[in-house]
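Visitor: Just so we're aligned, residue 59 is where the sequence shown starts under the numbering used here, counting upward by one. All residues carry an ideal CB built from backbone N, CA and C; glycine is no exception.
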Amino acid sequence: MFNKLVAIEPVGLIKSAENELHNFAKEVVMHNDIPTDAVEICKRIGDADAVLLSYTTTLTKEILQQCKNLKYVGMCCSLYSPESANVDIL
């Protein structure tokens, strides 16, 4: 079980699926807008050990290095082309 799971942007989950997230994390935080920059992304992730994101936000190497507790990144979207890959692999 994760301590804290954060959806850093709208991820398109139906309400029942969103409710199920509480079975996987002690604390669940859902954001309903898209972060404007890397500083905002880092603030939203904070001390979370799990993060969900869609195709509109990019997790760069620099962001991932700042989020020391992060253990899981969940992509709530399809990989339809190499350009849509938006999470750096360290």
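Residues bridged to residue 132 by DSSP?
Guide: Answer is 110, bridged to residue 132.
Visitor: Kindly indicate which three-state DSSP category residue 98 falls into: helix, strand or coil?
Guide: Three-state DSSP puts residue 98 in a helix.
Visitor: Return helix, strand or coil for residue 62, following the three-state DSSP convention.
Guide: Residue state, collapsed to three classes: strand.
Visitor: Since I believe residue 128 is in contact with residue 107 (beta carbons under 8 Å), could you give me their beta-carbon distance rounded to a whole number of angstroms?
Guide: Going by Cβ atoms, the distance from residue 107 to residue 128 rounds to 6 Å, so yes, they are a contact pair.
Visitor: Would you mind working out which of 124, 119 and 109 sits nearest residue 132, comparing C-alpha positions?
Guide: Of the candidates 124, 119 and 109, the one whose C-alpha sits nearest the C-alpha of residue 132 is 109.
Visitor: Less than 8 Å between the C-beta atoms of residue 100 and residue 134, yes or no?
Guide: Result no, Cβ atoms of residue 100 and residue 134 do not sit closer than 8 Å.
Visitor: Per DSSP, what kind of secondary structure is residue 119 in: helix, strand or coil?
Guide: Residue 119 falls in the helix class under three-state DSSP.
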